[in-house]
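Numbered as in UniProt numbering, the sequence shown ends at 458 without a single skipped number. See below for the structure under consideration.
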Amino acid sequence: MEKRTIEDIEGGDHERQGTLWSATAHIVTAVIGSGVLALAWSVAQLGWIAGPLALIGFSFVTYYTSTLLANSYRSPDPITGTRNRTYMEAVRSYLGPKEVFMCGVAQYVNLWGVMVGYTVTATTSMIAIRRFNCFHRNGHGARCEASGTMLMVVFGVIQVVFSQFPSLENITWLSVVAAVMSFAYSFIGLGLCISQWASNGDIRGGLAGSVAVTSSKRAWNSLLALGNIAFAYTFAEVLIEIQDTLRSPPPENKTMKKAAMYGIGITTIFYLSLGCIGYAAFGNEAPGNILTGFGIYEPFWLIDIGNICLIIHLVGAYQVFAQPIFATIERRIASQWPEAKFIHRIYTVRVGSPLSFTLSKLVLRSVFVLFTTLVAMLVPFFNAVLGLLGALSFWPLTVYFPVSMNIAQRGISRGAPKWVLLQSLSMICLLISIAASIGSVADIVDSLKLSTPFKIMS
Numbered sequence: 001m002e003k004r005t006i007e008d009i010e011g012g013d014h015e016r017q018g019t020l021w022s023a024t025a026h027i028v029t030a031v032i033g034s035g036v037l038a039l040a041w042s043v044a045q046l047g048w049i050a051g052p053l054a055l056i057g058f059s060f061v062t063y064y065t066s067t068l069l070a071n072s073y074r075s076p077d078p079i080t081g082t083r084n085r086t087y088m089e090a091v092r093s094y095l096g097p098k099e100v101f102m103c104g105v106a107q108y109v110n111l112w113g114v115m116v117g118y119t120v121t122a123t124t125s126m127i128a129i130r131r132f133n134c135f136h137r138n139g140h141g142a143r144c145e146a147s148g149t150m151l152m153v154v155f156g157v158i159q160v161v162f163s164q165f166p167s168l169e170n171i172t173w174l175s176v177v178a179a180v181m182s183f184a185y186s187f188i189g190l191g192l193c194i195s196q197w198a199s200n201g202d203i204r205g206g207l208a209g210s211v212a213v214t215s216s217k218r219a220w221n222s223l224l225a226l227g228n229i230a231f232a233y234t235f236a237e238v239l240i241e242i243q244d245t246l247r248s249p250p251p252e253n254k255t256m257k258k259a260a261m262y263g264i265g266i267t268t269i270f271y272l273s274l275g276c277i278g279y280a281a282f283g284n285e286a287p288g289n290i291l292t293g294f295g296i297y298e299p300f301w302l303i304d305i306g307n308i309c310l311i312i313h314l315v316g317a318y319q320v321f322a323q324p325i326f327a328t329i330e331r332r333i334a335s336q337w338p339e340a341k342f343i344h345r346i347y348t349v350r351v352g353s354p355l356s357f358t359l360s361k362l363v364l365r366s367v368f369v370l371f372t373t374l375v376a377m378l379v380p381f382f383n384a385v386l387g388l389l390g391a392l393s394f395w396p397l398t399v400y401f402p403v404s405m406n407i408a409q410r411g412i413s414r415g416a417p418k419w420v421l422l423q424s425l426s427m428i429c430l431l432i433s434i435a436a437s438i439g440s441v442a443d444i445v446d447s448l449k450l451s452t453p454f455k456i457m458s
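Given below as structure tokens:
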């Protein structure tokens, strides 16, 4: 075993090799996640008018604010200024210490929350594979319960292994594989919905959405649907980190804007197709998760493949959200204890190609992932968790901070027409986030009444 110092492996200003296509792959991996599977249900709660409008509206807001955020990667000039390697560094460059604290809380709580949500979703898919195979063998009326506790532990262990990769740049290949998987299960889900729609012979659903529930439940579900759609466009919290992988020239902000346009454009087409066709196929009975909601049973092998693709995608997407957390924690402890061997000494094990690690990374990353898995066992509610994550992160990370940094960067004076428009956009999105949070919390409270901690059954 060979020992070296950390500086031998990782320089402070690492070489950047990212391209437009790798950034687009990272974005698609981060955006097209488990949220896509809830879109048919979300459109069902909102109806044929409000549902598609919500999808399109969120896509435009997300793209516009992404272009503002891309300009904040460097300061004060978006092309020649000093790099801001993280979202918090960008906020620190343009805004005050209060905003930096708010950003840190919002960003890292949401990043961690997405890790929890992806753990829940991957487990749901693993349970679904078991149940679909049981239904295929024994008939749709069979009692096919499956426990997900051990399956969730398995997913956590897999993430412990992948978490040992040093940084986001070292797992570009994983993002590419995950992006391909996202296309695969999105197309499978879309194909299943088209097949169901064709077999029905008509277009189901209504202009106003679901009507088979009480007025209060319908209101909560509509708000939860907005949270699910907001979550489906979540990636602002990793945009700066993705942009920091890009080589230049051309300027990073120009490449990132193109990547955002391609990534969000691709995902919006998927979202509209799957959400609308899923609603047309199932109407107000649209399942909360197209691949696991048992609205469709056959062909079981294709549904199994879709769930396998989803699991592989979530393995990669989990790391896109986890690596920025790891990097921040490790920078903090490295600066706090600059002489500690536990933190700085590199160990290299030669098994084929050399494998380098520090004891601090091995221990801290593993503990963090296992803690995340433990929390996921306590709140294994797919739709409600996604809705709450989307609601809590959408306004501060996707809208408020990009808008505020743009105002500071461009020196837009208070009361100017541009200032009024930007602040109006921010206020509208704040109200939407508050409303969606209320709906999500209400659903979680209802679900907790019927659940048992650490017992995940389906």
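The beta-carbon is built from N, C-alpha and C at its ideal position, and this holds for glycine as well. Everything numeric in this text was worked out from a predicted model, so none of it was measured.
CB-CB length for Ala30 against Ala259, believed under 8 Å: Wrong, their Cβ atoms sit about 11 Å apart, outside the cutoff.
Ranges of the alpha helix (DSSP H) found wholly within the segment 159-232, counting only runs of at least 4: 172-200 and 215-232
Neighbour-count burial assignment, Ile49, 16 or more Cβ in a 10 Å radius: exposed
Thr19, DSSP secondary structure in three states: coil
Whole-angstrom C-beta distance between Val114 and Phe282, which should lie under 8 Å: Going by Cβ atoms, the distance from Phe282 to Val114 rounds to 27 Å, so no, they are not a contact pair.
Assigned exposure category for Val349 - 16 Cβ within 10 Å defines buried: exposed
Backbone secondary structure at Arg143 - three-state DSSP: coil
With 16 other Cβ atoms within 10 Å as the buried cut-off, status of Phe60: exposed
CA-to-CA distance, Trp21 to Ala106, given in whole angstroms: Approximately 28 Å between the Cα atoms of the pair.
Start-to-end residues for the alpha helix (DSSP H) that takes in Arg332: Residues Phe300 to Gln336.
Where Val349 sits in the DSSP three-state scheme: strand
Length of the line joining the Cα atoms of Leu422 and Val153: If you draw a straight line from the Cα of Leu422 to the Cα of Val153, it comes to about 44 Å.
Neighbourhood of Gly12 by C-beta distance below 7 Å, restricted to the same chain and skipping five residues each side: Note on Gly12: pLDDT 48, under 50, position unreliable in the model; no value is reported.
8 Å contact criterion, which Ile277 and Ala90 should meet: CB distance rounded: About 38 Å separates the CB atoms of Ile277 and Ala90; that is not less than 8 Å, and the two are not in contact.
Own chain, CB closer than 8 Å to Leu68, minus 5 neighbours either side, in chain order: Pro402, Val403, Met405 and Asn406
As assigned by DSSP and simplified to three states, the class of Thr80: In the structure shown, Thr80 sits in coil (DSSP, three-state: anything other than H, G, I, E or B).
Closer than 6 Å: Pro52 CB and nearest the ligand ADP heavy atom: For the ligand ADP, the structure offers nothing, since it holds no ligand at all.
Same chain, Cβ closer than 6 Å to Thr65, five either side skipped, listed in chain order: Thr398, Val399 and Pro402, listed in sequence order.
As assigned by DSSP and simplified to three states, the class of Ser75: The answer is strand: DSSP assigns Ser75 an E or B state.
Residue burial classification, Ala179 (beta-carbon count within 10 angstroms, cutoff 16): buried
DSSP state of Gly12 mapped onto helix, strand, coil: Its pLDDT being 48, under 50, Gly12 is placed unreliably by the model, and nothing is read from it.
Three-state class that DSSP yields for Thr5 in the structure shown: Low confidence applies to Thr5: its pLDDT is 37, below 50, so where it sits in the model is not reliable enough to give any reading.
Distance, Glu285 Cα to Cys193 Cα: 13 Å
Beta-carbon separation (whole angstroms), Gly82 vs Arg74, contact threshold 8 Å: Position check: residue 82 holds Thr in this sequence, whereas Gly was assumed. Contact holds; Cβ gap of about 6 Å.
CA-to-CA distance, Leu207 to Val157, given in whole angstroms: 45 Å
Helix, strand or coil at Leu68 [DSSP, three-state]: helix
Spatial distance of Ser199 from Cys309 (CA atoms): 25 Å
Contact check, Lys257 vs Ala70, beta carbons under 7 Å: yes
At least three beta-carbon pairs within less than 8 Å, the segment 264-275 to the segment 37-51: The segment 264-275, when compared against the segment 37-51, does touch it at the 8 Å Cβ threshold.
Which of helix, strand or coil DSSP assigns to Phe454: The predicted position of Phe454 is uncertain, since its pLDDT is 49 and thus under 50; no value can be drawn from it.
Test item: CB-CB of Ser366 and Val160 under 7 Å: yes
Residues near Trp220 by beta carbon distance below 7 Å, same chain, minus five either side: Excluding positions up to five away in sequence, the list reads Gly439, Ala442 and Asp443.
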